[in-house]
Amino acid sequence: MLVLENQSPTVAVLLPCYNEEVTIGKVVRDFKASLPQADIYVYDNNSTDRTADIAASEGAIVRKEPRQGKGNVIRAMFEDIDADVYIMSDGDDTYPADAAPAMVDKLLEGYDMVIGDRLSSTYFQENKRPFHNFGNRLVRDSINGLFHANVTDIMTGYRAFSFTFVKTYPVLSRGFEVETEMTIHSLNNNLRLFEMPIQYRDRPEGSVSKLDTVGDGIKVMSTIFRMIREYKPLPFFGGLGLVIGVIGLILGGSVGIDFMHTGMVARFPTLIGAVMLIIAGLLLIVAGIILDVIAKNDRKAFIVDANRFALMKRRGK
């Protein structure tokens, strides 16, 4: 994305909110102070408190999103809002607004996404939920291992995006697993990422977390499983096929040894099962190869789409 020298980049701050009346006023004020040129958007996701009224009174642009879930809200934001730079944060006052200008500057250097890294600073001291800490480590290590990456904070909600990223990123998740999906999408498509350590703070007293440690953890892990199946089909299906095929060979080998000793096939059901396992393993390996070619073509198509949106943005300037 390029911005003409005589024009200031347009910046949009995106704040998805659900029942954040305790903190949303301060969050809007903080971002207005840090990014006075930015438009502050608060998307109210069926709040039952005064979140929308307080945000509007502080000068934010308030919109409604009836589809429940953070992923649905982010999808609506990305569809509706046009800007050169997007800053996404939460309305719970856990992320520092004063880090936003540095994130904007780094994005304007040419990065596709800037990640507000909580885990390198104060997250493990501030966060009072030990299972969340364990979950963050598990997700981070799993994704980095599978994609040969070194991203520190996979699940942070504080990020900056380019116009091209926002308009080409397909938001599929409906809930809090959307941040994990963003990171996997970026790693799979070899996008330009930059991690910036930020000072995380826990929710202030009176502000209640909407996270369900077990339920959201299951959703995150299922998202990882789904995206590995889609983005890494050859290791996924090929590895599964190899295991099944080896089991079939072992069973078939045991029947073959018995035949060499006795001249008879005494275990026909085992032999039939072994042959079926070998065939199933081969089919899975072939399916992995075919799907891997499709996945590579999808990555090529993404690059073409990203280039097209970048060109449209430059011409629009």
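Residue numbers (the working numbering): 670 to 986.
Ideal Cβ positions, reconstructed from N, Cα and C, are used throughout, including at glycine.
Remember, it's a predicted structure, so these values are computed and weren't measured experimentally.
- Annotation for G785: the continuous beta strand (DSSP E) segment containing it runs M782 to D786.
- In the three-state DSSP reduction, A702 falls in the helix class (H, G or I).
- When the alpha-carbon of V944 is set against those of D786, A725 and V924, the nearest one is in V924.
- Taken in chain order, the unbroken stretches of alpha helix (DSSP H) that lie wholly in the region 742 to 791 and span 4 residues or more are 769 to 777.
- Rounded to whole angstroms, the gap between the alpha carbons of Y687 and G694 is 13 Å.
- Contact annotation: G914 and I958 have beta-carbon atoms that are not nearer than 8 Å.
- For the pair M757 and F830, the CB atoms are nearer than the 8 Å cut-off.
- Contact annotation: Y710 and Y764 have beta-carbon atoms that are not nearer than 8 Å.
- The alpha-carbon of N715 is positioned some 11 Å away from that of R732.
- With 16 or more other Cβ atoms inside 10 Å of its own Cβ, N741 counts as buried.
- Residue burial is scored here from C-beta neighbours: V934 has fewer than 16 other C-beta atoms within 10 angstroms and is therefore classed as exposed.
- In this structure, S855 keeps its C-beta atom at 8 Å or more from the C-beta atom of A769.
- Its Cα nearest to that of L788, the residue R809 stands out among M772, R809 and D781.
- For R936, the three-state secondary structure derived from DSSP is coil.
- Taking the Cα positions, A956 is about 20 Å away from L815.
- Under DSSP, K733 forms a beta bridge with D713.
- The beta-carbon distance between V696 and A745, rounded to whole angstroms, is 19 Å. This is too long to meet the 8 Å contact definition.
- Bridge partners of P685 according to DSSP: Y712.
- Going by DSSP, A725 is part of the alpha helix (DSSP H) stretching over T720 to S726.
- A straight line joining the alpha-carbon of V754 with that of A771 spans about 12 Å.
- When the beta-carbon positions are compared, L683 and G760 stay at least 8 Å from each other.
- For P678, the closest C-alpha among the options D713, T931 and L776 is that of L776.
- Rounded to whole angstroms, the gap between the alpha carbons of V783 and A970 is 23 Å.
- If the five residues before and after L940 are omitted, its C-beta is found closer than 7 Å to the C-beta atoms of G921, V924 and V934, all from its own chain and listed in chain order.
- Counting C-beta atoms within 10 angstroms of its own C-beta, V912 has fewer than 16 neighbours from the protein chains shown and is therefore classed as exposed.
- Secondary-structure assignment with DSSP links A829 through a beta bridge to I756 and V783.
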